Amino acid sequence: MFPVKRLLKPHLSPLRATRGVHSLASVQSACQLPEKKRQGLLFPFSELQPYLDRQVDPGSFQLFLPSVEDLRHAEKLFTPTAKHQINYFTSAVRTDHAPVLKQPEVCFIGRSNVGKSSLIRALFALSPDVEVRVSKTPGHTKKMNFFTVGKAFTLVDMPGYGHKAPRDFVDMVEPYLRDRKNLVRTFLLVDGTVGLQKADLVAVEMCEEFCLPFAMVLTKIDKSRQGLLLTHLLQLRDFVKTQTQSCYPQPFLVSSVQFSGIYLLRCFIAHVTGNLQLGSKLT
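Count the sequence shown with full-length UniProt numbering and you get residues 1 to 283, in order.
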């Protein structure tokens with residue numbers, strides 16, 4: 001077993017709320033905004049690019065650069081229909097309690113209070129009846145929560161690590177990351193207001209140890225000054241480049257409040273689960 005018990009401790013958050021569709025939930029609504037605002041929502045790195053030093057290659061932050069049409073096609077996956085239901089499916093404390101599902105799976109993991117459940121709720125904003133548990137108090141997520149997106153893929157909200165994590169967190173999460181055969185991508189969330197933390201480094205080591213394809217997501221970008229955010233982004237880019245082998249080289253920027261980067265992340269999920277080839281229609 002990977003020796004991470006001292007640093008990793010988790011979280012969750014229960015609160016069910018049926019709500020209306022957010023005004024910025026769709027690409028169409030974002031495209032009705034003025035050009036600069038629209039570009040910042042669809043491709044949030046564009047707001048930081050003018051502040052980059054000339055010696056920094058912006059290409060490393062734009063490796064995944066789909067078209068607006070690609071974003072629209074990917075959005076269909078996150079829009080429920082009579083034949084394409086999006087639901088909270090079940091929860092599990094142990095891998096042997098997890099549902100046996102054949103479709104591709106992605107999971108979200110991060111420190112408590114990193115905004116993980118809020119991000120998942122934003123991703124599912126076009127399906128407002130989906131129950132995503134969010135609370136103001138870190139340390140409540142004690143289980144792995146499974147959401148089925150039709151027959152296309154499953155999304156798993158993992159317990160948070162760090163503050164008030166259950167003592168058996170590693171016993172709960174490590175077997176899932178190591179043994180889940182249909183897991184195609186792990187999303188490791190990093191708080192954009194504080195940057196990469198010690199507990200995050202241990203989570204990275206777990207992904208590297210098991211050779212898991214993963215991607216880094218910088219959350220809460222609306223709460224960080226642009227200069228500080230750019231510093232954290234550059235540090236994260238350099239860390240991924242020099243210290244990882246299994247991580248997608250482009251960090252993703254998101255705000256669950258302003259919806260910046262949500263459309264791009266949806267598109268990346270659609271792509272890595274095999275449901276969208278860029279430049280073609282959704283399968």
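C-beta: ideal position from N, C-alpha, C; glycine also. All values reported here derive from a predicted model rather than from experimental measurement.
_For residue 49 and residue 39, I'd like the C-alpha separation in whole angstroms._
For this step, residue 49 is matched to residue 49 along the sequence shown. For this step, residue 39 is matched to residue 39 along the sequence shown. Residue 49 and residue 39: Cα-Cα distance of roughly 12 Å.
Practice prompt. Alpha carbon to alpha carbon, how far is residue 79 from residue 264? Give it in angstroms, no decimals.
Written response: Along the sequence shown, read from residue 1 onward, the residue named residue 264 stands at position 264. Along the sequence shown, read from residue 1 onward, the residue named residue 79 stands at position 79. In a straight line, the C-alpha of residue 264 is about 15 Å away from that of residue 79.
- Cβ separation of residue 220 and residue 115, assumed to be a contact under 8 Å, to the nearest whole Å: Mapped onto the sequence shown, residue 220 falls at position 220. Mapped onto the sequence shown, residue 115 falls at position 115. About 5 Å separates the two Cβ atoms, so the contact holds.
- Residue of 98, 51, 270, 200 minimising C-alpha distance to residue 144: Numbered from 1 along the sequence shown, position 144 holds the residue referred to as residue 144. When only C-alpha atoms are compared, the closest one is 98.
Requested in this report: Provide the residue(s) that pair with residue 152 in DSSP beta bridges, ordered along the chain.
Outcome: In the sequence shown, residue 152 corresponds to position 152, counting from 1. None, per the DSSP bridge assignment.
Going by C-alpha to C-alpha distance, which of 149, 256, 216 sits closest to residue 82?
Looking up residue 82 in the sequence shown gives position 82. The shortest Cα separation from residue 82 among 149, 256, 216 belongs to 149.
Exercise. For residue 276, collect the residues of the same chain with a Cβ closer than 8 Å to its Cβ; drop the 5 residues on either side in sequence, then sort them by chain order.
Key: Taking the sequence shown and counting its residues from 1, one reaches residue 276 at position 276. Within the same chain, residue 276 has close Cβ partners 70, 73, 74, 77, 267, 270, 282, 283.
Rounded to a whole number of angstroms, what is the C-alpha to C-alpha distance between residue 51 and residue 93? Taking the first residue of the sequence shown as position 1, residue 51 is located at position 51. Taking the first residue of the sequence shown as position 1, residue 93 is located at position 93. Straight through space, the alpha carbons of residue 93 and residue 51 are spaced by roughly 45 Å.
(Q) Check this for me: beta carbons of residue 25 and residue 119, under 7 Å apart or not? (A) The residue labelled residue 25 in the question sits at position 25 within the sequence shown. The residue labelled residue 119 in the question sits at position 119 within the sequence shown. No, these two residues do not count as a Cβ contact at 7 Å.
Practice task
Take residue 58 and list the residues in its own chain whose beta-carbon comes closer than 8 Å to its own, dropping the five residues that flank it on each side.
Solution key: The sequence position of residue 58 within the sequence shown is 58, counting from 1. So the qualifying residues of the chain are 45, 49, 52.
Coil, strand or helix - residue 102 by DSSP:
Looking up residue 102 in the sequence shown gives position 102. Note: residue 102 maps to coil in three-state DSSP.
Count Cβ pairs between the stretch 243 to 252 and the stretch 211 to 218 that sit closer than 8 Å; are there 3 or more?
yes
* Is the number of C-beta pairs between the stretch 222 to 233 and the stretch 183 to 193 that are closer than 8 Å three or more? -> Yes, since at least three Cβ pairs between the stretch 222 to 233 and the stretch 183 to 193 fall closer than 8 Å, the two stretches touch.
Over the uninterrupted beta strand (DSSP E) stretch that includes residue 191, give me the two end residues. Mapped onto the sequence shown, residue 191 falls at position 191. Its beta strand (DSSP E) spans residues 183 to 191.
Report task. Assign residue 261 to one of two classes, buried (16 or more other C-beta atoms within 10 Å of its C-beta) or exposed (fewer than that). Result -> Along the sequence shown, one-based indexing puts residue 261 at 261. Buried.
Hey, how far is the Cα of residue 18 from the Cα of residue 177? Position 18 of the sequence shown, counted from the first residue, corresponds to residue 18. Position 177 of the sequence shown, counted from the first residue, corresponds to residue 177. Only weak support is given to the placement of residue 18: the predicted model assigns it a pLDDT of 41, under 50, and the value that follows is read from those uncertain coordinates. One alpha carbon belongs to residue 18, the other to residue 177, and they sit about 31 Å apart.
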